[in-house]
Amino acid sequence: MDTILKIDGVSKRFGGLMALADVSFEVKKGRILGLIGPNGAGKTTMFNCIAGIYKPTEGRIVFDKETGPVDVGGSRPEQMTQMGVARTFQNIRLFGSLPVLDNVRIGRHCRAAQGFWGAVLRTKGQKAEERMLVEQSMEYLDFVGLKNKALDLSSSLSYGDQRRLEIARALASQPKLLLLDEPAAGMNPQETASLVDLIHAIMRKDITVVLIEHDMKLVMSICEHLVVLDHGVKIAEGGPRDIRENPEVIEAYLGRGAAHA
Amino acid sequence: MTGNKTALKLLGLAALLAFPVLPFSSEYVMHVAVLIMVYAVLAMGLNVLPGFCNLLDLGYVGFYGIGAYTAGILALNHNVSFWLIVPGAIALGALCGMLRGAPTLRLSGDYFAIVTFGFTELVVLFLTNEIWLTRGPLGLPGIPPIALSLEFLGIDWRYDFLSEIPYYYLGLAMVGAVYVVMCRIEDSRLGRAWLAIKEDPLAAASCGINLMAYKTVAFAFSAGVGALAGCFMAQWSMFLAPDVFKFWESFLVLCMIVLGGLGNINGAIVGAVVLIALGEVLRVLLPKLGLPAETRFLVYGLIMILIMRFKPGGFFPTIAATSKKSRLILDLKARLQAERAG
Numbered sequence: 037m038d039t040i041l042k043i044d045g046v047s048k049r050f051g052g053l054m055a056l057a058d059v060s061f062e063v064k065k066g067r068i069l070g071l072i073g074p075n076g077a078g079k080t081t082m083f084n085c086i087a088g089i090y091k092p093t094e095g096r097i098v099f100d101k102e103t104g105p106v107d108v109g110g111s112r113p114e115q116m117t118q119m120g121v122a123r124t125f126q127n128i129r130l131f132g133s134l135p136v137l138d139n140v141r142i143g144r145h146c147r148a149a150q151g152f153w154g155a156v157l158r159t160k161g162q163k164a165e166e167r168m169l170v171e172q173s174m175e176y177l178d179f180v181g182l183k184n185k186a187l188d189l190s191s192s193l194s195y196g197d198q199r200r201l202e203i204a205r206a207l208a209s210q211p212k213l214l215l216l217d218e219p220a221a222g223m224n225p226q227e228t229a230s231l232v233d234l235i236h237a238i239m240r241k242d243i244t245v246v247l248i249e250h251d252m253k254l255v256m257s258i259c260e261h262l263v264v265l266d267h268g269v270k271i272a273e274g275g276p277r278d279i280r281e282n283p284e285v286i287e288a289y290l291g292r293g294a295a296h297a
Numbered sequence: 002m003t004g005n006k007t008a009l010k011l012l013g014l015a016a017l018l019a020f021p022v023l024p025f026s027s028e029y030v031m032h033v034a035v036l037i038m039v040y041a042v043l044a045m046g047l048n049v050l051p052g053f054c055n056l057l058d059l060g061y062v063g064f065y066g067i068g069a070y071t072a073g074i075l076a077l078n079h080n081v082s083f084w085l086i087v088p089g090a091i092a093l094g095a096l097c098g099m100l101r102g103a104p105t106l107r108l109s110g111d112y113f114a115i116v117t118f119g120f121t122e123l124v125v126l127f128l129t130n131e132i133w134l135t136r137g138p139l140g141l142p143g144i145p146p147i148a149l150s151l152e153f154l155g156i157d158w159r160y161d162f163l164s165e166i167p168y169y170y171l172g173l174a175m176v177g178a179v180y181v182v183m184c185r186i187e188d189s190r191l192g193r194a195w196l197a198i199k200e201d202p203l204a205a206a207s208c209g210i211n212l213m214a215y216k217t218v219a220f221a222f223s224a225g226v227g228a229l230a231g232c233f234m235a236q237w238s239m240f241l242a243p244d245v246f247k248f249w250e251s252f253l254v255l256c257m258i259v260l261g262g263l264g265n266i267n268g269a270i271v272g273a274v275v276l277i278a279l280g281e282v283l284r285v286l287l288p289k290l291g292l293p294a295e296t297r298f299l300v301y302g303l304i305m306i307l308i309m310r311f312k313p314g315g316f317f318p319t320i321a322a323t324s325k326k327s328r329l330i331l332d333l334k335a336r337l338q339a340e341r342a343g
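Protein chains in written order, with our numbering: chain D, 37 to 297; chain H, 2 to 343.
The following block contains the structure:
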């Protein structure tokens, strides 16, 4: 099976703190990978390295572009988005004072081309593109079930809808790889159930998903493969069953001695 | 409803066009009206940085000065045609905007504001000390008024601006053009990218927006508009001195857009009207109270503080104002309503 993303010995140091220490794993194309671990394990740091927000101190991040695998470590965020890596944020980062539709239109930024002169002169191409942007954005909103709220203020949405909007905004950049950072945080059980459906629907669009999540039921039910981090180190990797029974993982989550209890 | 609105707009436009022939329109009133238009353009231009991109610019008037001196020197010493002065001044302004922007691309908040503050001081120092070019503190007197001519096309037509009235109409055209360009840009891919940067730079970058490139465009555009206002002003007032471009002018323009609501294009124009009119009132009123006319800057400061305290969004806060009136959005709204009903 093809590898879409290969993390090869990645370390990230912040001053004296080793946030990630020599972490390696592979993300297989078309599969969903769960990245789990206790708070402060380095999961979001790993996302930030992949998405171009941090430059890894050491190691390579190899992403499979159409032209072949490239080391993308140290690329800028907008370059990663252009290449096909989109993300959502743990603490929702929507453009709160803009309408829902505009959030998705901005998400589609890198798949459109019009600039200053097009806007000033309102050229034919610009008008056509603007019309297309609205249509395409509405499709993404329909996909996540927010079509009817397109013109509402995005900060007026409920928490669950805001998370969905962030997913729509990320999908609008037509990613090949989607990084979801705790998408179920703060959701009620119904919202979580429909999130699972949404993630399955995303998978059917041939988008590979990497998921950070604390809701173990959710993770165990949808991820085929899990990577466990603790204090910046990869402590385990494997299928849900193996992970659940792995003594090191139990220790990381429940404390020393718990595995023997 | 929409019919009424259009009628009201047409009426407003007619009133603006007929303004110079109304009985109370003395030379003085026309002068103030033109001054308002110069500041309206400045306010709209400044609005691009703090209003669209959340970058506090305290040195905007530097570009106004660059545009004004470019026009003044070209018209006075080299007798260059107005048709060339305008694009030349805009281009030079935009270039200076980019140059000022380059070292500040990674700065935000207070640090950016400090650099821009330093920039106006640099411009004033340059204008004061480069005497070979600008005549320094003596200023540039006797700049010829604007003359429109079509002689370069071989058509024998020439119009000299000898009273306030042609400046009024040219100013109106300038405000109108800048307004339309601003509205178009706000409701475009570029404008949305700026608003995204304003809201959350990190999320904007994650949406594929190149922060450096888009900020550079904003710097150039904002500065170009400032230079445009400057070159109009130079040939209108026919006299320039470095003192005209001191920091408090920047503060006055900033005060206008804060009053109108940061990011609101209409608000910028309203701010210019209110504060210039108020300035004229204070100019008469303050000496009567035994205070120097310069005390009016204290009043502007007071207004700024009161707005920050009681109306931080200004009088026209821009929450989700973008693209509200655009054809595409209205169509979409109608379609969604039809679907919900059907």
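All residues carry an ideal CB built from backbone N, CA and C; glycine is no exception. Being a predicted model, the structure only gives us computed values, none of them experimental.
Quick one: does residue i have its CB under 7 angstroms from some CB of chain H?
i      : result
D/A148 : yes
D/Q226 : no
D/F99  : no
D/Y289 : no
D/R123 : yes
D/H145 : yes
D/D44  : no
D/T117 : yes
D/D217 : no
D/F61  : no
D/L140 : Reading the sequence as shown, one finds Val at residue 140 of chain D and not Leu. It does not; no Cβ of chain H falls within 7 angstroms.
D/R49  : no
D/S209 : yes
Taking only beta-carbon atoms, is residue i less than 7 angstroms away from chain B?
i      : result
H/K334 : In the structure shown, chain B cannot be found, because the protein chains are D and H.
State the start and end residues of the unbroken beta strand (DSSP E) segment that holds residue i.
i      : result
D/V264 : H261 to D266
H/K199 : Segment R190 to E200 is the alpha helix (DSSP H) holding H/K199; no beta strand (DSSP E) there.
D/A148 : Looking at the DSSP string, D/A148 is not in any beta strand (DSSP E), and its letter there is neither H nor E.
H/M354 : Residue 354 of chain H is absent from the structure shown; chain H starts at 2 and stops at 343.
H/A148 : A148 to S150
D/P105 : G104 to D107
D/S47  : T39 to F50
D/D217 : L213 to D217
Residue i CB to nearest chain D CB: under 7 angstroms?
i      : result
H/I186 : yes
H/A321 : With a pLDDT of only 48 at H/A321, under the threshold of 50, the placement of this residue in the model should not be trusted; the figure read from the coordinates follows. H/A321 counts as touching chain D.
H/V259 : no
H/A56  : The sequence given here has Leu at residue 56 of chain H, not Ala. It does not: the Cβ of H/L56 has no partner Cβ on chain D nearer than 7 angstroms.
H/L329 : yes
H/V49  : no
H/V176 : no
H/V87  : no
H/V285 : no
H/V300 : no
H/V182 : yes
H/Q338 : no
Can you give the beta carbon distance from residue i to residue j, rounded, assuming they're within the 8 angstroms contact cut?
i      : j      : result
H/T121 : H/G73  : Incorrect: roughly 18 angstroms between the Cβ atoms, too far for contact.
D/R123 : D/L41  : Actually they are not in contact, since the Cβ atoms of D/R123 and D/L41 sit about 13 angstroms apart, beyond 8 angstroms.
H/L93  : H/P145 : Between H/P145 and H/L93 the Cβ distance is about 20 angstroms, and since that is not below 8 angstroms, they are no contact.
D/G73  : D/D266 : 5 angstroms
H/L333 : D/V180 : Rounded, the Cβ-Cβ distance is 17 angstroms, inconsistent with contact.
D/L69  : D/V264 : Actually they are not in contact, since the Cβ atoms of D/L69 and D/V264 sit about 12 angstroms apart, beyond 8 angstroms.
H/I330 : H/C256 : Not confirmed; about 32 angstroms, so no contact.
D/P113 : H/S109 : Between H/S109 and D/P113 the Cβ distance is about 16 angstroms, and since that is not below 8 angstroms, they are no contact.
H/T71  : H/A44  : Not quite, the Cβ-Cβ distance comes to about 21 angstroms (not below 8 angstroms), so this is no contact.
D/M177 : D/V136 : For clarity, residue 177 of chain D is Leu in the given sequence; the question names Met instead. Yes, they are in contact, since the Cβ atoms of D/L177 and D/V136 sit about 7 angstroms apart, within 8 angstroms.
D/E165 : D/A186 : At roughly 18 angstroms, the Cβ-Cβ gap does not stay under 8 angstroms, so D/E165 and D/A186 are not in contact.
Considering just the uninterrupted stretch of the alpha helix (DSSP H) at residue i, what are its terminal residues?
i      : result
H/K216 : L212 to S238
H/S251 : F248 to G261
H/I270 : I266 to K289
D/M256 : M252 to I258
Taking 8 angstroms as the cut-off, does the stretch 216-227 of chain H touch the stretch 58-74 of chain H (at least 3 CB pairs, one atom from each stretch)?
Three or more pairs of CB atoms, one per stretch, sit closer than 8 angstroms, so the stretch 58-74 of chain H contacts the stretch 216-227 of chain H.
Can you give me, in chain order, the residues of the stretch 189-223 of chain H that have a beta carbon less than 8 angstroms from any beta carbon in chain D?
From the stretch 189-223 of chain H, only S189, R190, L191, G192, R193, A194, L196, A197, E200, D201, L203, A204, A205, A206, S207, C208, G209, I210, N211, L212, V218 and F222 have a Cβ closer than 8 angstroms to chain D.
At a CB distance below 7 angstroms, what residues from the stretch 92-108 of chain H approach chain D? Give them in sequence order.
Cβ contacts with chain D: none found.
Which of the residues in the stretch 125-138 of chain D, read from start to end, lie with their CB under 9 angstroms from any CB of chain H?
Under the 9 angstroms Cβ criterion, the stretch 125-138 of chain D contributes F125, R129, L130, F131, G132, S133, L134, P135, L137 and D138.
Does the structure place the stretch 92-105 of chain D close enough to the stretch 160-167 of chain H that three or more beta carbon pairs sit under 8 angstroms?
At 8 angstroms Cβ cutoff, the stretches do not touch.
Cβ-based contacts, 8 angstroms cut-off: residues of the stretch 161-192 of chain D near chain H:
Cβ contacts with chain H: Q162, E165, E166, R167, L169, V170, M174, K183, N184, A186, L187 and L189.
Between the stretch 121-137 of chain H and the stretch 282-292 of chain D, can you find at least three pairs of beta-carbon atoms closer than 8 angstroms?
Too few Cβ pairs lie closer than 8 angstroms, so no.
What residues in the stretch 87-112 of chain D have a beta carbon less than 9 angstroms from any beta carbon of chain H?
Within the stretch 87-112 of chain D, contact with chain H at the beta-carbon level (separation under 9 angstroms) is assigned to A87, G88, I89 and R112.
Does the stretch 8-23 of chain H come close enough to the stretch 214-225 of chain H to have 3 or more Cβ pairs within less than 8 angstroms?
As far as the Cβ criterion goes, the stretch 8-23 of chain H does not touch the stretch 214-225 of chain H, which means the pair count is below three.
Are the stretch 23-43 of chain H and the stretch 229-238 of chain H touching by the rule of at least three beta carbon pairs closer than 8 angstroms?
In the pairwise beta carbon analysis, the stretch 23-43 of chain H is classified as touching the stretch 229-238 of chain H: at least three pairs are separated by under 8 angstroms.
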